[in-house]
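Chains A and B, in that order, give the protein sequences. Just so we're aligned: 198 in the numbering used here is position 198 of the first sequence, and the numbers increase by one with no gaps anywhere. Just so we're aligned: 281 in the numbering used here is position 281 of the second sequence, and the numbers increase by one with no gaps anywhere. Some notes on the structure that comes next.
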Amino acid sequence: MKYAMLTILGAAMLFAVTAVPAFAADEQAPLKIELPEKSFMGTPLDYWSENLEFTYKARDPFMAPVGTELVSKGKPVTSSDKTPSMGKLPMVTDGDKGFQEKSLVELDKGLQWVQIDLQKKHKLYAILVWHFHTSERVYHDFVVRVANDPDFTQDVVTLYNNDHDNSAGLGAGTDKEYVESNEGRLVDGKGTEARYVRLYSKGNTSNERNNYVEVEVWGITAE
Amino acid sequence: MERVAVSEQKRLAWWFVAGFVAVAALAAAYRVPRLGERVFHGDEAVQAFKAGQELYEDGEYAYDPEEYHGPTLYYLTVPALWLGGIERFADSTEVHYRVVPVIFGLGIVVCLWWARDGLGRRATLIAGLFTAISPAMVFYSRYYIQESLLVFFTFATLVAGWRYTRRRNVVWAALCGASLGMMHSSKETCVISYFGVAVAFMLTPIWARIHDEEHPLNRVFRRGESEDLRPGLVRQVAAFVAAGALVSMLMFSSFFTNPQGIIDSVMSYTVYLQRAVESGIHHHPATYYLRLLVYTHRSAGPVFSEALVVGLALVGAVSALVRHDRDNKPGNVHFLRFVTVYTVATTAVYSSINYKTPWSILCSLHGMILLAGAGAVVLLRLTPCLPGTAGALRYAPKTVVGLVLAALSVQLGWQSYLVNFDYYDDPRNPYVYAHPVSGVRHLGERAEAIARYAPEKHDMLIRVITPGLNYWPLPWYLRQFSNVGYWEDVPEECDAPMVVTTAKLAPEVHARLKTEYQSENYGLRPGIRLVVFIRRDLWDAFMKTRQ
Numbered sequence: 001m002k003y004a005m006l007t008i009l010g011a012a013m014l015f016a017v018t019a020v021p022a023f024a025a026d027e028q029a030p031l032k033i034e035l036p037e038k039s040f041m042g043t044p045l046d047y048w049s050e051n052l053e054f055t056y057k058a059r060d061p062f063m064a065p066v067g068t069e070l071v072s073k074g075k076p077v078t079s080s081d082k083t084p085s086m087g088k089l090p091m092v093t094d095g096d097k098g099f100q101e102k103s104l105v106e107l108d109k110g111l112q113w114v115q116i117d118l119q120k121k122h123k124l125y126a127i128l129v130w131h132f133h134t135s136e137r138v139y140h141d142f143v144v145r146v147a148n149d150p151d152f153t154q155d156v157v158t159l160y161n162n163d164h165d166n167s168a169g170l171g172a173g174t175d176k177e178y179v180e181s182n183e184g185r186l187v188d189g190k191g192t193e194a195r196y197v198r199l200y201s202k203g204n205t206s207n208e209r210n211n212y213v214e215v216e217v218w219g220i221t222a223e
Numbered sequence: 001m002e003r004v005a006v007s008e009q010k011r012l013a014w015w016f017v018a019g020f021v022a023v024a025a026l027a028a029a030y031r032v033p034r035l036g037e038r039v040f041h042g043d044e045a046v047q048a049f050k051a052g053q054e055l056y057e058d059g060e061y062a063y064d065p066e067e068y069h070g071p072t073l074y075y076l077t078v079p080a081l082w083l084g085g086i087e088r089f090a091d092s093t094e095v096h097y098r099v100v101p102v103i104f105g106l107g108i109v110v111c112l113w114w115a116r117d118g119l120g121r122r123a124t125l126i127a128g129l130f131t132a133i134s135p136a137m138v139f140y141s142r143y144y145i146q147e148s149l150l151v152f153f154t155f156a157t158l159v160a161g162w163r164y165t166r167r168r169n170v171v172w173a174a175l176c177g178a179s180l181g182m183m184h185s186s187k188e189t190c191v192i193s194y195f196g197v198a199v200a201f202m203l204t205p206i207w208a209r210i211h212d213e214e215h216p217l218n219r220v221f222r223r224g225e226s227e228d229l230r231p232g233l234v235r236q237v238a239a240f241v242a243a244g245a246l247v248s249m250l251m252f253s254s255f256f257t258n259p260q261g262i263i264d265s266v267m268s269y270t271v272y273l274q275r276a277v278e279s280g281i282h283h284h285p286a287t288y289y290l291r292l293l294v295y296t297h298r299s300a301g302p303v304f305s306e307a308l309v310v311g312l313a314l315v316g317a318v319s320a321l322v323r324h325d326r327d328n329k330p331g332n333v334h335f336l337r338f339v340t341v342y343t344v345a346t347t348a349v350y351s352s353i354n355y356k357t358p359w360s361i362l363c364s365l366h367g368m369i370l371l372a373g374a375g376a377v378v379l380l381r382l383t384p385c386l387p388g389t390a391g392a393l394r395y396a397p398k399t400v401v402g403l404v405l406a407a408l409s410v411q412l413g414w415q416s417y418l419v420n421f422d423y424y425d426d427p428r429n430p431y432v433y434a435h436p437v438s439g440v441r442h443l444g445e446r447a448e449a450i451a452r453y454a455p456e457k458h459d460m461l462i463r464v465i466t467p468g469l470n471y472w473p474l475p476w477y478l479r480q481f482s483n484v485g486y487w488e489d490v491p492e493e494c495d496a497p498m499v500v501t502t503a504k505l506a507p508e509v510h511a512r513l514k515t516e517y518q519s520e521n522y523g524l525r526p527g528i529r530l531v532v533f534i535r536r537d538l539w540d541a542f543m544k545t546r547q
């Protein structure tokens, strides 16, 4: 009986030591995303489509494991366009998400990407992007991929793809196009482990250029 | 001594010719490349339809006093289509049409040759340079609308008239009249240029009298010293009037097959006068044109400015008004005053009319460019030499001013590159006005791709359901299709292999579709979006090739 009691007590302690942290890791909390000021400039897009998602209402809080933090701020940014016509690439992760032109990085026409090096592998839970929310634009062929090498040859995972006709050549996607706003676009990282995040786009409904004011990657350092 | 002077004259002439050829080559380098890259503006597409379909293919063109301006552009497009080997309108491309304004845009530069003694040779080259690289001049020389033709024929009128005052030749008189007629048959706004010319005719002799000078027109109309020249004058005036009337009537009557066109060409002014007053969405303030030229910065993007031209034009204009014709300075003061008065008058009229479109300012801008050439020379001449120095150092201030002007000209050339080859359809470009976005071309390409999988091929039905006429330049990008229908309201039956509608009507159209469709979004113009429904079986067949 005494041994039985000790066994139960030991098992309970073992359970407490191993399971409680596991429960804690699974504990979810809303991400504390700071939204930039809303721009009331421009004309609302007269836009409707089964493929298009409206973002007029505020996004529901996004739940991520406790401990998830912003891991992209100030991290190195590279791009398919080495010399943006406006702004500089580090502005993509500088924390300035404003709709004003001083916050804007403008890349060339056609399919372009920006890539963020998180400098170590992370479990990714959310990727937020604000292209340019001065007016309600739609950016085409928005694709988000993550990988563990800068050339995107290893462990490449596509997290978002709204290129429904494969015009970007990265494979057809079924995600929706969306209207730019101060909410930005939140892409679920699904806990994918990766060091590099690459975001593609191919022009927008106002012109053929590609813009970014900010990209935020939220995650936890991988073991 | 005589030999030295002649030698110097020849050297200068050689330098001028080389410079003139270089300027013309530069104008071509800015105008010719990548002509088809920018999507057709709605107005360009309408004009192409008139020229390519109605006139060239169907042979049924008749002047319309309500819309589309004069017939010159269309008739001058016929040789371009013919030389391009085009048999059907559907086979023509943007380049076949835009080459016409390109040629006349180059013609504006070439015409300067005959104005060189009016402007002065150095001023001619500088004016040629500004004409060659001016963002607005280049932009609308690559735009299939009437503006570059109007500027060309206006300048041709001015130049022929100027040459006539020098030579009193019946040929120049006839050329002047013919150009005047071509102005009339190009665009109804020619009356504003006529007004500018008339004011200059009236004011410049008065100004000459104040300065105690003999105006060139006095020499034309006075009795000759040794012979009575007035019989020649009558013949010359007759040639001027006959050439002008003949050219205008020939064009408006469709080569005398539609005499009503001649009457309509006069009646059209009631329509255009009404439009100028009402203006609608084209209503802009009086300062619109000058602000457009001097400073444009829209949203995030580069600053665009032709202030260099405007500023130098002011210098040129003031100089023309204050200097005397007995001053031993290059150029002819009467010619420069004429251009000054013409430019001020046309700018004032265009600015005072409510209805404004950016291309309308081109005639006035061209006047400013001519004056800017003279202004640059004046500025260099007025820059003093360094006192108390000798040799090259003495000219250091002039060299500095020359280098600053050269640097500003290079910057203007860079702006022109941005305007014409980078921001050519971007609303941040000051000369882009309600321009379609590239989505409309992609829509046409998608229709082509889908047609490959439709049994009817290019005969497949495409329904375009848009309120009003808000679909241009879509007909251009669907010109290969023989079965395109346009509806202003949503019809009961909406099904078709491809249905194009506006975002606003899309839910209603979608509700009436009886089978499955893939929907896509395309921009027509900034703020105006189109939704395209593609029948699911055709979409699936298309996507099999896209994986």
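Cβ atoms here follow ideal geometry from the backbone N, Cα and C, with glycine treated the same way.
Interface flag, residue i vs chain B, CB-CB below 8 Å
| i | result |
| --- | --- |
| Leu107 of chain A | no |
| Leu52 of chain A | yes |
| Gly143 of chain A | For the record, residue 143 of chain A in the displayed sequence is Val; it is not Gly. No, because no Cβ of chain B sits closer than 8 Å to the Cβ of Val143 of chain A. |
CB of residue i within 8 Å of CB of residue j, strictly
| i | j | result |
| --- | --- | --- |
| Ser416 of chain B | Ile133 of chain B | yes |
| Tyr256 of chain A | Val146 of chain A | Past the boundaries of the shown model lies residue 256 of chain A; chain A is included only from 1 to 223, so the question cannot be answered. |
| Thr153 of chain A | Ile116 of chain A | no |
| Lys202 of chain A | Asp141 of chain A | yes |
| Tyr522 of chain B | Leu530 of chain B | yes |
| Arg163 of chain B | Trp114 of chain B | yes |
| Phe99 of chain A | Asn182 of chain A | yes |
| Ile127 of chain A | Val217 of chain A | yes |
| Pro79 of chain B | Ser148 of chain B | no |
| Tyr289 of chain B | Ser193 of chain B | no |
| Phe542 of chain B | Ser519 of chain B | no |
| Pro436 of chain B | Leu524 of chain B | yes |
| Trp130 of chain A | Glu223 of chain A | no |
Chain-ordered neighbours of residue i on chain D, where CB pairs are closer than 9 Å
| i | result |
| --- | --- |
| Ala172 of chain A | Here the protein chains are A and B, and chain D is not one of them. |
Burial state of residue i, where buried means 16 or more other Cβ atoms lie within 10 Å
| i | result |
| --- | --- |
| Lys187 of chain B | buried |
| Ile353 of chain B | buried |
| Tyr295 of chain B | exposed |
| Val17 of chain B | exposed |
| Asp267 of chain A | The requested residue 267 of chain A does not occur in the structure, where chain A is confined to residues 1 to 223. |
| Asn328 of chain B | exposed |
| Thr174 of chain A | exposed |
| Gln547 of chain B | exposed |
| Cys176 of chain B | buried |
| Val17 of chain A | Residue placement at Val17 of chain A cannot be trusted, given a pLDDT of 49 that sits under 50; what the coordinates show is reported in the next sentence. When all chains shown are included, Val17 of chain A counts as exposed. |
| Cys363 of chain B | buried |
| Ala22 of chain A | Unreliable placement is indicated for Ala22 of chain A, whose pLDDT of 47 sits below 50; the coordinate value is still reported in the next sentence. Exposed. |
| Glu516 of chain B | exposed |
Within-8 Å CB hit, residue i to chain A
| i | result |
| --- | --- |
| Tyr237 of chain B | Note that residue 237 of chain B is Val in the sequence shown here, rather than Tyr. With 8 Å as the cut-off, Val237 of chain B does not count as an interface residue toward chain A. |
| Asp489 of chain B | no |
| Asn218 of chain B | no |
| Val437 of chain B | yes |
| Arg529 of chain B | yes |
| Gly523 of chain B | yes |
| Ser519 of chain B | yes |
| Ser299 of chain B | yes |
| Pro497 of chain B | no |
| Pro526 of chain B | yes |
Residue(s) in a DSSP beta bridge with residue i
| i | result |
| --- | --- |
| Ala64 of chain A | A:Ala29 |
| Phe255 of chain B | For Phe255 of chain B, which the question treats as bridged, DSSP gives no partner whatsoever. |
| Glu53 of chain A | A:Tyr178 |
| Thr548 of chain B | For residue 548 of chain B there is no data in the structure shown, the boundaries of chain B being 1 and 547. |
| Asn204 of chain A | A:Tyr139 |
| Arg463 of chain B | B:Gly485 and B:Val499 |
- For the stretch 80 to 105 of chain A, enumerate the residues whose C-beta is nearer than 7 Å to any C-beta of chain B, in chain order. In summary, the residues of the stretch 80 to 105 of chain A whose CB is separated from some CB of chain B by less than 7 Å are Met86, Glu101 and Leu104, in the order they occur in the chain.
- Query: Taking Cβ-Cβ distances below 9 Å as the criterion, which residues of the stretch 191 to 216 of chain A are in contact with chain B?
  - Reply: Cβ contacts with chain B come from Gly203, Asn204, Thr205, Ser206, Asn207, Glu208, Arg209 and Asn211.
- Message: Against chain B, which members of the stretch 154 to 180 of chain A pass a CB distance test of less than 7 Å?
- Response: Look at the stretch 154 to 180 of chain A: the residues with a C-beta under 7 Å from a C-beta of chain B are Asp165, Asn166, Ala172 and Glu177.
- For the stretch 114 to 128 of chain A, which residues have a CB atom closer than 7 Å to at least one CB atom of chain B, in sequence order? Within the stretch 114 to 128 of chain A, no residue has a Cβ that lies closer than 7 Å to any Cβ of chain B.
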